[in-house]
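Colleague: Residue numbers (the numbering used here), protein chains in the order written: chain A, 1 to 152; chain B, 153 to 304.
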DNA sequence: CAGTATCCAGCTAGATACTG
DNA sequence: CAGTATCTAGCTGGATACTG
């Protein structure tokens, strides 16, 4: 009935959320997570970083050296990726200064991608992630099984 | 016309992808990323780890100590989360053994959540992430601006 | 070869309403 | 208080077709 109070509790909450979302959008760690949480970003990083995506191989110290790869090479390595996603991912990484894109105007054009120092740095960081995963994921999986098992 | 070859190139590609996806699903680092890439997981971790989600505060060494929090406390701290997402996130983290859920049957029930050692370990790891973000995100943002700027 | 453009199915997250 | 249940809008990623 009372139309006087211009900001109702509900409206207040909406504003709170907008504010909060704006804050989150600013947060550097969120921005980072937004990037690397992308399914293909890490995989492309691994490819260009010279690692196979096989978690068994190249476990810790031994990472292959970074190398330039052509579009089709990457596409072949990441068998499951669609053209759209691959291009999108590469563009995003280029935009962020993680990789360089070099076009060589041969008869059919050839394009190669390579990690920058920044990209290499990011790749190193994801190694830390993978290492954590290797150390703890077994434990997590055990917890899941225990949780899912009703009683027996 | 020739229906003889039972596996066409197209079918082969489909199988490749299925195989690849199955492989990815197994990969521990992917499973980890699947978890932490969730918008709210890291935030809940921070809340229970005693940090504000403010990137400015508690930058490096000084993390508040882990503390038990009630459902409503967490909800209030993460102003933007919906009930559904919060519950879902908490359940997932509980299932993975990252947090414990304790129900105290008071008059209106009260439920509190607390980080386990495993959860604390994960939280520590995300600190590494945030630290990388703080060191490099500025650079990334600069690259983006440069990339987006057409010519000027 | 290395894309771009378009369309659409499927999943996700939010809003909303209800409950022990 | 701490959820559960339901519905739906919107985004994302995949398939497909076309191009310099």
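Every residue, glycine too, gets a C-beta built ideally from N, C-alpha and C. Quick caveat: nothing in here was measured; it's all calculated off a predicted structure.
Taking one C-beta from the region 264 to 272 of chain B and one from the region 240 to 255 of chain B each time, how about it: are there three or more such pairs within less than 8 Å?
Modeller: yes
Colleague: Comparing the C-beta of residue 95(A) with each C-beta of chain B, is any distance below 8 Å?
Modeller: yes
Colleague: Please decide whether residue 288(B) counts as near chain A, where near means a Cβ-Cβ distance under 8 Å.
Modeller: yes
Colleague: Please say whether residue 116(A) and residue 42(A) have beta carbons closer to each other than 8 Å?
Modeller: no
Colleague: Helix or strand or just coil, what does DSSP make of residue 250(B)?
Modeller: Here residue 250(B) sits in coil by DSSP.
Colleague: Among residues of its own chain, excluding the 5 on either side of residue 275(B), which ones have a beta-carbon nearer than 7 Å to its beta-carbon?
Modeller: 197, 201 and 267
Colleague: Is the beta carbon of residue 199(B) closer than 8 Å to that of residue 245(B)?
Modeller: no
Colleague: Could you spell out the range, first to last residue, of the beta strand (DSSP E) harbouring residue 111(A)?
Modeller: 110 to 115
Colleague: Which chain B residues are close to residue 120(A), counting only those with a beta carbon under 8 Å from its beta carbon?
Modeller: Here the premise fails: no neighbours, minimum Cβ distance about 11 Å.
Colleague: Per DSSP, which residues does residue 69(A) bridge with? Please list them.
Modeller: 113(A)
Colleague: Name the one or two DSSP bridge partners that residue 256(B) has.
Modeller: Residue 256(B) is bridged to 262(B).
Colleague: DSSP three-state label for residue 292(B), please.
Modeller: Correct three-state label for residue 292(B): helix.
Colleague: Between residue 291(B) and residue 97(A), is the Cβ-Cβ spacing less than 8 Å?
Modeller: Contact flag set, yes.
Colleague: Determine the direct distance from the alpha carbon of residue 226(B) to that of residue 26(A), and round the result to whole angstroms.
Modeller: Roughly 21 Å separates the two Cα atoms.
Colleague: Is there a C-beta anywhere in chain A that falls below 8 Å from the one on residue 284(B)?
Modeller: yes
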